[in-house]
Structures are given as C-alpha cells and as structure tokens.
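Just so we're aligned: 204 in our numbering is position 203 of the sequence shown, and the numbers increase by one with no gaps anywhere.
Don't be surprised by glycine CBs; every beta carbon is placed ideally from N, CA and C.
What follows is one structure encoded as structure tokens, with my remarks underneath.
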Amino acid sequence: METRIIDGKETAKRIRIELKKEVAGLMEGGLPQPKLSVILVGEDPASQTYVRNKIKACAKVGIESESILMDADVTEEKLLDEIRRLNEDPSVNGILVQLPLPKHISVDKVIQTIDPIKDVDGFHVENVGSLTVGDGRGYIPCTPGGVIELLKRYEIPIDGKQCVVVGRSNLVGKPASLLLLAENGTVTICHSHTKNLTEICQSADILVVAIGRAHFLNGSQIKEGAAVIDVGINRTDDGLVGDVDTESCMGKAAYITPVPGGVGPMTIAMLMKNCVHAYKRQHHLL
Ligand code: GUN
C-alpha cells in the first residue's frame, strides 16, 4: 500500500491564507484589528520558539499581537493581575499563557482566571465543558483541533470508524477523543495503565498518538490502511522525532503525519482560527 504523507505545513499555510482574507474583509467594515496577547514566563528556549512562531503567524494573518515577558520568579498574583488587566482591555480578543509555567505558579489558577471568551487555547473549564456537551459555543483546543482539521481536509472518514487515542492529557488526548466522538467515531483511549496496547492500536482505523515518548509505537503495531496521526514532538540526539517511528509505517499506513511538518504547524493555524473566532464573538458577528 502506498502511504500518503499528510502535509501539515501546507495545510496550515492554506488556513492562514483563508483567515487573512476573512480578517481583511472584517477590516473593510471599519472594525478594529483583532489582537492576541501572549504571556511568556521565564526563558525556556522551546517556549520562546513557540511564542515567536505564534507572533509570526499573527502577522501573516493580519492579527495584531504582543508578547508580554515575565521573569521566571514573578509572583503568581502579579501574573494573575496581568491576566485580569487583559480580560478588561477591549482591544485584546485572545489571551494565551504559554505553558509550562514555573512550579510556584498554579496552572489551574492561571487558566481559570482567563475570561473564557478570550481563552483561545480552549483550556478554561467553561470551554472544556462546551466541548464535552458539544454545544459548539466554546473554543476547541488548538492541537486536537488541528488533528480533526487534517482528517477532514484529507477526506479521511471518521464516522463509524475505530479511533484509538494514545494519551489522555487535558491538552491533547482527552479533547481529541471528544472531538472524534463528536464526529461519530468509536473511540478508545489508551494510557500508561492500558494492558493490551498493541492489540488495541492494531484495531485502529484512525490512530492518534500523543504520549510524548520518542518512537513509542512502530509499524508492527498498526493496522494495514490506518491513518496515523502523530502528535509527538520529542527532542532527541537525532533531532525532532514523533511518538511514532514513521519509517516503519511506510507502505502499511494509508496516511501518516510526519514530524516535523505534520500536526505541529496546524496547532498555530488553529490558534489563529480561534483568535478570529474570539474576535467575531466579541464583536457580536456570530
Ligand atoms: N505549551 C505547549 N503547547 C501549548 C499550547 O497549546 N498552549 C499553551 N498555552 N502552551 C503550550
């Protein structure tokens, strides 16, 4: 079987072009420019790169952006005050606090302080609740949103298919499972306590792997003709690698996302989509 590579980089670019047109259309009506505020605490190099890429994507789409840098030893209260200030600022449509945060700061408190209508990460319990009940009112977290967008744009059917999600994090595994369920997939979630992991993965028509371990799965553990969506980004001596050993899946999977260039670029494209969505909600255009 010929394996088709899912090109996340190209798909993300297309989404940015679509959003750029949409934003330009909104501006023609005399409305202010959408704006995203990103808070970065500390100097973690990976987080700095992610934030830089988010700011760059905003420029490409026509969204105004600012990065607010705070020292690693900033107090929790000072960070929460900054979030409250952004909540009150009508020129700011989206607020994102880059994770991870230093240990003395409660991630939960930080996320729950963001006004849900500005929570473009979709991490606030109100948005998680919307996703869970499927009322369509919340923001979909960017990485799992990117997974579903890739499946849809490559016309990979989800309805009635066996979907296996490896990983149960709040950021990816859980929301990815809910989104696949909303598309009428039959969803199984695997995690560190799962006994017959290989057998379950071999049953998957769609296999989403978000476990955060380099080359955790290989081609012998997948079904012939599966769509393999690799969410992992692991830094190793061999450079960036996914949670799946891509090479060993070639000729067996029907579709596979490469690392890098698969799900990664989609995360930021979906963030841009959420920013435009947030802007439209705040300007009562939805
Ligand atoms: N760190 C890694 N991924 C993410 C993400 O999607 N959002 C935020 N805020 N931080 C992250």
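Have a look at the options and flag the residue whose alpha-carbon is nearest the alpha-carbon of residue i.
i	options	result
Glu3	Tyr280, Gly226, Tyr155	Gly226
Thr189	Asp82, Asn171, Lys162	Lys162
Gln49	Pro35, Ile69, Glu65	Ile69
Val264	Ile234, Lys175, Thr76	Ile234
Pro165	Lys22, Pro101, Glu156, Ile230	Just to set this straight, residue 165 is Val in the shown sequence, not Pro. Per the Cα distances, Ile230.
Val232	Gly130, Gly135, Val173, Lys104	Val173
Ile112	Lys104, Glu127, Gly252	Glu127
Leu32	Glu89, Ile64, Ile141, Val245	Ile64
Asn185	Lys196, Tyr155, Ile149	Ile149
Glu67	Leu80, Ile96, Asp82	Ile96
Cys250	Phe217, Ala183, Arg138, Asp116	Phe217
His194	Thr187, Asp206, Gly168	Gly168
Ile157	Ile84, Asp74, Ser204, Tyr256	Tyr256
Ile56	Leu80, Pro35, Thr76, Val75	Pro35
Ala47	Gln99, Lys224, Glu23	Gln99
Thr237	Gly220, Leu151, Asn219, Ala215	Ala215
Asp122	Leu286, Ser178, Lys281, Ala270	Ala270
Leu182	Ile159, Tyr155, Val108	Ile159
Val42	Pro103, Arg85, Arg53, Val62	Pro103
Asp120	Gly30, Ser38, Asn54, His105	Ser38
Glu89	Ser204, Leu20, Pro117, Met267	Pro117
Val62	Gly26, Leu87, Ala228, Tyr51	Gly26
Tyr140	Arg154, His125, Leu151	His125
Pro142	Leu286, His278, Arg15, Arg5	His278
Would you mind reading off the limits of the beta strand (DSSP E) that contains residue i?
i	result
Ser68	65-71
Asp231	228-231
Leu289	Residue coverage of the chain in this structure runs from 2 to 287, which leaves residue 289 outside it and unanswerable.
Arg15	No beta strand (DSSP E) holds Arg15; the alpha helix (DSSP H) holding it covers 9-29.
Leu97	95-98
Val42	36-42
Asn235	235-237
Val129	Taken as a continuous stretch (DSSP letters only), Val129 belongs to no beta strand (DSSP E), being part of the alpha helix (DSSP H) at 126-134.
Gln49	Not the beta strand (DSSP E): Gln49 falls in the alpha helix (DSSP H), residues 46-62.
Leu241	240-242
Thr76	Thr76 -> no beta strand (DSSP E), and no H or E assigned at all.
Ile201	No beta strand (DSSP E) contains Ile201, which is instead part of the alpha helix (DSSP H) from 198-202.
Gln163	163-167
When burial is assigned at 16 or more other CB atoms within 10 Å of the CB, is residue i buried or exposed?
i	result
Arg17	buried
Met273	buried
Leu132	buried
His192	exposed
Thr258	buried
Asp244	buried
Asn275	buried
Asn197	exposed
Val134	exposed
Asn171	exposed
Lys224	buried
Thr199	exposed
Met267	buried
Asp206	buried
Let me check you understand the geometry: is the CB of residue i closer than 7 Å to at least one non-hydrogen atom of the ligand GUN?
i	result
Asp45	no
Gln99	yes
Cys59	no
Cys143	yes
Thr4	no
Thr268	yes
Tyr280	no
Leu172	yes
Tyr51	yes
Pro122	One point to set straight first is that residue 122 is Asp, not Pro, in the sequence displayed. Result yes, Cβ under 7 Å from the ligand GUN.
Can you tell me where the alpha helix (DSSP H) holding residue i begins and where it ends?
i	result
Lys153	143-154
Thr114	108-114
Gln283	264-283
Gly174	174-183
Ser187	Note that residue 187 corresponds to Thr in the displayed sequence, not to Ser. Counting along the chain, Thr187 falls outside any alpha helix (DSSP H), though it belongs to the beta strand (DSSP E) covering 187-191.
Closer than 7 Å to a non-hydrogen atom of the ligand GDP - does that hold for the CB of residue i?
i	result
Leu32	Summarising the ligand content, the structure contains the ligand GUN and does not contain the ligand GDP.
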